[in-house]
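K.L.:
Handing you a structure now.
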Ligand SMILES: Nc1ncnc2c1ncn2[C@@H]1O[C@H](COP(=O)(O)OP(=O)(O)OP(=O)(O)O)[C@@H](O)[C@H]1O
Ligand SMILES: [Mg+2]
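Chains as they are written, first to last, in the numbering used here: chain B, 99 to 406; chain W, 167 to 415.
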């Protein structure tokens with residue numbers, strides 16, 4: 099018995115160690131990534147207190163020298179220096195990508211909850227909600243952005259208070275577009291989750307004298323929104339990536355800037371690999387963040403308990 | 167049998183689901199402090215009858231007078247009615263995202279408008295009353311079936327109802343957990359609570375019921391005090407049903 103269990107136990111411990119090394123690396127990479135971003139942004143907002151605005155945080159020359167001194171890495175020294183030179187532009191683009199995603203996701207969520215509730219519990223409003231979600235999910239996102247940008251010329255209607263917040267007012271057009279579109283997808287995920295809340299929960303709410311709306315607010319939503327977290331995280335991740343479509347309406351976010359630099363320098367492969375890694379870092383951050391949220395709000399017996 | 171002082175008077179209540187008539191001219195009445203037990207085969211309309219009393223289901227015909235007020239009146243404030251009529255479900259239906267205290271406190275807090283502290287205090291008192299002084303902060307999934315049902319009873323009691331409806335409160339429980347729930351219900355009977363109970367627990371019914379109403383196919387086949395209905399049923403159908411129940415035990 100003991101000899102049979104020991105190898106399994108050892109294997110488990112090794113796997114545990116592997117996992118914790120992996121986690122450590124991930125945390126270190128995340129800290130480096132976000133450290134670089136935040137320091138770059140602060141430097142820019144404060145008018146270049148650390149390095150002059152537009153300059154990389156570390157001098158490309160120094161990076162090239164360091165790489166050159168390490169055997170095996172020497173061949174990549176020039177590429178490394180080139181990537182470092184790109185970092186100020188990339189950090190600026192990433193800022194817009196993060197802001198567009200975060201604002202659109204948040205406002206979209208505020209729209210999605212009533213959309214989903216109407217869809218599940220409404221009568222007339224269910225049809226409006228259905229029409230809205232099917233229209234927005236059934237047409238290409240890029241087409242929606244074009245309608246807002248070219249068709250409605252929305253950029254020229256940005257109200258004074260919002261104008262000038264971003265480098266270009268067209269950023270607002272992108273936010274409006276992603277909000278409207280994301281709300282439809284989020285509503286769909288939340289709808290599915292609300293439908294999985296047991297009927298008896300509503301009966302019990304009504305039986306103690308809560309109104310239908312109160313029952314939805316105090317009983318159905320707290321459960322349904324918890325159920326929705328995993329699929330809702332998908333929408334978060336998609337939005338990070340889809341936000342690159344804003345480049346097509348000239349929003350200078352991450353993809354737009356990468357594309358510009360690439361067409362000026364012709365270093366397509368290198369630039370898009372670096373850009374891809376940046377998106378990947380954002381996506382991993384989002385899913386780790388949502389895992390954390392899910393754990394924090396977890397309630398025994400509610401929804402599928404995730405494997406550690 | 168009926169007089170003007172009846173606390174609950176159900177008269178000729180009929181209900182259809184689509185074309186299916188599930189209640190047909192059901193009548194019975196209760197005094198304050200009475201315990202009436204509804205029995206009958208599956209699908210006979212027992213749950214539907216209970217749900218008509220707190221308007222979770224809408225009866226299309228007849229009258230239900232509670233404390234002199236017409237429950238079936240279209241002008242009635244349904245939420246007000248439900249504040250005064252507690253309900254306990256076969257499947258417990260505890261709010262899965264709330265602790266025992268949270269379950270019991272929700273009504274007092276959001277329906278009666280008590281403060282957070284008052285609602286919590288009331289919830290704790292009700293949980294003590296059903297013997298769950300140790301389980302205040304447990305979630306439903308962390309409680310046994312018997313404990314969950316006692317939380318369900320406490321949740322209804324916290325609204326200080328004048329009538330309690332029980333829909334097969336012990337049917338979903340393992341046999342060894344039934345006793346603790348019946349004990350709590352016994353306690354309520356002793357305190358003088360007016361209770362309308364659907365149950366297959368015949369010994370409980372015999373002990374506490376003032377009247378047994380036997381429903382079959384949506385109709386009252388027979389009703390009367392337990393001794394009469396159980397020992398000397400007048401209708402053949404009643405006898406057959408009781409035999410079937412007895413052979414299951
Ligand atoms: N929401 C509903 N929609 C349509 N028919 C229903 C609905 N609820 C109940 N019924 C039907 O009404 C009849 C009575 O059902 P009810 O649940 O009241 O019976 P019951 O006596 O409580 O049975 P059980 O002992 O199985 O709980 C059944 O034929 C049932 O199928
Ligand atoms: Mg029933």
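We put the beta carbon where it would ideally sit given N, CA and C, even for glycine.
Below 8 angstroms on the Cβ atoms is my contact criterion, and I expect residue 251 of chain W with residue 219 of chain W to pass it. Report the Cβ-Cβ distance as a whole number of Å.
P.N.:
Confirmed, Cβ separation roughly 6 angstroms.
K.L.:
Say whether chain W places a C-beta atom closer than 9 angstroms to the C-beta of residue 99 of chain B.
P.N.:
Note that residue 99 of chain B scores a pLDDT of 42, beneath 50, so its modelled location is shaky and nothing firm can be said.
K.L.:
Determine the direct distance from the alpha carbon of residue 389 of chain W to that of residue 379 of chain W, and round the result to whole angstroms.
P.N.:
The straight-line gap from Cα to Cα measures roughly 4 angstroms.
K.L.:
By Cβ distance below 6 angstroms, which residues in the same chain neighbour residue 244 of chain W in space, the five residues on each side in sequence not counted?
P.N.:
So the list reads 221, once near-sequence residues are dropped.
K.L.:
Can you tell me whether residue 315 of chain W sits near ligand 3, meaning its C-beta is under 8 angstroms from at least one heavy atom of the ligand?
P.N.:
The ligand content of the structure shown is limited to ligand 1 and ligand 2, which means ligand 3 is not among them.
K.L.:
Could you check whether the Cβ of residue 320 of chain B sits closer than 9 angstroms to any Cβ belonging to chain W?
P.N.:
Answer yes: the Cβ-Cβ gap between residue 320 of chain B and chain W drops below 9 angstroms somewhere.
K.L.:
Give the DSSP-derived three-state secondary structure of residue 310 of chain B in the structure shown.
P.N.:
Residue 310 of chain B: helix per DSSP, three-state reduction.
K.L.:
Exposed or buried, residue 330 of chain B, counting other C-beta atoms within 10 Å across all chains shown (16 or more means buried)?
P.N.:
Buried is the call here.
K.L.:
Between residue 306 of chain W and chain B, is any beta-carbon pair separated by less than 9 angstroms?
P.N.:
It does: the Cβ of residue 306 of chain W has a partner Cβ on chain B nearer than 9 angstroms.
K.L.:
Please list, following the chain, all residues that have a C-beta closer than 7 angstroms to any non-hydrogen atom of ligand 2.
P.N.:
Taking each Cβ in turn, the ones that pass are W:212, W:213, W:256, W:333, W:334, W:364.
K.L.:
Hey, residue 339 of chain W and residue 311 of chain W: beta-carbon distance below 9 angstroms or not?
P.N.:
Cβ atoms of residue 339 of chain W and residue 311 of chain W: closer than 9 angstroms.
K.L.:
Would you tell me roughly how many angstroms separate the C-alpha atoms of residue 399 of chain W and residue 405 of chain W, rounded to the nearest one?
P.N.:
Approximately 6 angstroms between the Cα atoms of the pair.
K.L.:
Would you kindly check if the distance between the Cβ of residue 356 of chain B and the Cβ of residue 370 of chain B is under 9 angstroms?
P.N.:
Contact flag set, yes.
K.L.:
Can you tell me whether residue 110 of chain W is helix, strand or coil according to DSSP?
P.N.:
Past the boundaries of the shown model lies residue 110 of chain W; chain W is included only from 167 to 415, so the question cannot be answered.
K.L.:
Under a CB-based cut-off of 9 angstroms, is residue 399 of chain B close to chain W?
P.N.:
With 9 angstroms as the cut-off, residue 399 of chain B counts as an interface residue toward chain W.
K.L.:
Whole angstroms is fine: what's the gap from residue 167 of chain W's alpha carbon to residue 294 of chain W's?
P.N.:
Reliability fails at residue 167 of chain W, whose pLDDT of 48 lies under 50, so the model's placement of it is uncertain and the value that follows must be treated cautiously. Spanning the two alpha carbons is a distance of roughly 39 angstroms.
K.L.:
So, is the C-beta of residue 168 of chain W closer than 9 angstroms to a C-beta in chain B?
P.N.:
A caution first: residue 168 of chain W carries a pLDDT of 48, below 50, which makes its placement in the model unreliable, though a value can still be read off. Not an interface residue.
K.L.:
What's the C-alpha gap between residue 322 of chain B and residue 315 of chain B?
P.N.:
Distance between the alpha carbons of residue 322 of chain B and residue 315 of chain B is about 10 angstroms.
K.L.:
In chain B, what lies closer than 7 angstroms to residue 253 of chain W by C-beta?
P.N.:
Simply 305.
K.L.:
Is residue 350 of chain W near ligand 1 - that is, is its Cβ less than 8 angstroms away from at least one heavy atom of it?
P.N.:
The answer is no for residue 350 of chain W.
K.L.:
Report the neighbours of residue 330 of chain W on chain B: residues whose CB is nearer than 9 angstroms to its CB, in chain order.
P.N.:
Simply none; closest approach about 11 angstroms.
K.L.:
Taking 6 angstroms as the limit between beta carbons, can you name the residues of its chain near residue 352 of chain W, skipping five residues before and five after?
P.N.:
The answer is none, since no qualifying residue turns up.
K.L.:
Roughly how many whole angstroms lie between the Cα atoms of residue 305 of chain B and residue 323 of chain W?
P.N.:
Spanning the two alpha carbons is a distance of roughly 12 angstroms.
K.L.:
For the beta strand (DSSP E) containing residue 191 of chain W, name the first residue and the last one.
P.N.:
Unbroken beta strand (DSSP E) run through residue 191 of chain W: 186-196.
K.L.:
Between residue 186 of chain W and ligand 1, is there a pair consisting of the residue's CB and a ligand heavy atom that are separated by less than 8 angstroms?
P.N.:
Yes, since a heavy atom of ligand 1 falls inside the 8 angstroms radius drawn around the Cβ of residue 186 of chain W.
K.L.:
Work out the CA separation of residue 160 of chain B and residue 271 of chain B for me, nearest whole Å.
P.N.:
One C-alpha to the other measures close to 41 angstroms.
K.L.:
Quick one: list the residues of chain B neighbouring residue 277 of chain W, beta-carbon separation under 7 angstroms, in chain order.
P.N.:
Going along chain B in sequence order, the residues near residue 277 of chain W (Cβ under 7 angstroms) are 306, 307, 308.
K.L.:
Please confirm whether any heavy atom of ligand 1 lies closer than 8 angstroms to the CB of residue 339 of chain W.
P.N.:
No - ligand 1 has no heavy atom lying nearer than 8 angstroms to the Cβ of residue 339 of chain W.
K.L.:
For residue 221 of chain B, report the span of its alpha helix (DSSP H) as first-last.
P.N.:
Counting along the chain, residue 221 of chain B falls outside any alpha helix (DSSP H), and DSSP gives it neither H nor E.
K.L.:
Would residue 351 of chain B pass as an interface residue toward chain W - the criterion being a Cβ-Cβ separation below 9 angstroms?
P.N.:
For residue 351 of chain B, the answer is no, since every Cβ of chain W falls outside 9 angstroms of its Cβ.
K.L.:
Quick one: what's residue 330 of chain W bridged to in DSSP?
P.N.:
DSSP, once it has assigned bridges, lists W:252, W:361 as partnering residue 330 of chain W.
K.L.:
Rounded to the nearest angstrom, how far is the Cβ of residue 384 of chain B from that of residue 327 of chain B, given a contact under 8 angstroms?
P.N.:
Between residue 327 of chain B and residue 384 of chain B the Cβ distance is about 12 angstroms, and since that is not below 8 angstroms, they are no contact.
K.L.:
Identify the residues that DSSP records as bridge partners of residue 213 of chain B: which are they?
P.N.:
Answer is none; residue 213 of chain B lacks a bridge partner.
K.L.:
Enumerate in chain order the residues of its own chain whose CB-to-CB distance from residue 206 of chain B is below 6 angstroms, with the five nearest sequence positions on each side excluded.
P.N.:
The residues are 277, 280, 281, 284.
K.L.:
Would you mind sorting residue 125 of chain B into buried or exposed? The rule is 16 or more other CB atoms within 10 Å of its CB.
P.N.:
Label assigned to residue 125 of chain B: exposed.
K.L.:
For residue 177 of chain W, does the three-state DSSP call read helix, strand or coil?
P.N.:
Reduced to three states, the DSSP call for residue 177 of chain W is strand.
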